[in-house]
Amino acid sequence: MWRGDGWTAKVIKNEDDDGWAVAMIKDGEPEPALIGPWTMGRDKKNPKPLDGPAFSTLVKTASEFVRRHEQQLHASLHQSITVTAQAARIAVSLDIVPDDDNPHALLSAHDDGGELVAQVRVAASFKLNRSSAIAWVEADFARPASR
C-alpha cells in the first residue's frame with residue numbers, strides 16, 4: 560500500500576481469478592475511483608511489490624480517469640446553444656439538477672452582453688436543441704409544455 564498526492568494505492572486479491580489488482584482510492588472517498596490488474600511477482604503467487612514510479616503512474620492514471628468522468632458528468636448536466644431569434648443572438652442554456660426527490664432543470668437565456676433575459680424551471684428530461692431553443696425565445700420565454 561502507498562499513500563500520497565491525495566491517493567492511496569492498495570494491492571488486493573482479484574476475486575475473479577488467481578491474480579492481483581490495484582485499487583486507487585482518492586482521499587476522503589469510500590470507494591475506489593479505479594481498479595486495475597496488477598502484475599504477479601516472480602513466484603507467480605504473490606503480487607509484484609508496489610514502488611514509487613508505479614505509484615506515480617497510478618496516481619496520474621486515476622486522476623485522469625476521475626477528471627474525464629467529471630467532464631462527462633458536467634457535459635451531461637450543462638448544455639448551451641446560441642441561436643438567433645427575434646432579431647437577437649441569445650445564449651440558451653439548460654442546467655439539470657439531479658435531485659433524488661425532485662429532479663428538474665433550469666432553462667436560461669442570456670443576451671449578447673451576458674445579461675440574464677429569462678429563466679424557467681423545466682423537466683429534467685427537457686431536450687435542448689436548436690429548434691427547442693428558438694421556439695422558447697419566439698414564445699417570449701414562456702415555460703415550455705412538459706412532454
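Going by the numbering used here, the first residue of the sequence shown is number 560, and it counts up by one from there. All C-beta atoms in this analysis are idealised placements derived from N, C-alpha and C, irrespective of residue type, glycine included. Computed from a prediction, not measured in an experiment: that's the story for all the values here.
Stretch pair the stretch 630–644 + the stretch 603–620: three plus CB contacts closer than 8 Å:
no
From Gly672 to Val642, what does the alpha carbon distance come to, in whole angstroms?
Working through the sequence shown from its first residue, we reach residue 672 at position 113. Working through the sequence shown from its first residue, we reach residue 642 at position 83. So the two alpha carbons sit approximately 14 Å from each other.
List the endpoints of the continuous alpha helix (DSSP H) containing Ala621.
By 1-based counting over the sequence shown, the position of residue 621 is 62. Taken as a continuous stretch (DSSP letters only), the alpha helix (DSSP H) holding Ala621 covers 611–636.
Which of the three DSSP states is assigned to Ala683 in this structure?
Taking the first residue of the sequence shown as 1, we reach residue 683 at position 124. Coil at Ala683, not helix or strand.
Can you list, in chain order, the stretches of the alpha helix (DSSP H) that have 4 or more residues and sit fully within the stretch 643–700?
689–697
Following the continuous beta strand (DSSP E) through Ala592, name the residue where it begins and the one where it ends.
One-based indexing of the sequence shown puts residue 592 at position 33. Per DSSP, Ala592 belongs to no beta strand (DSSP E) and is neither H nor E.
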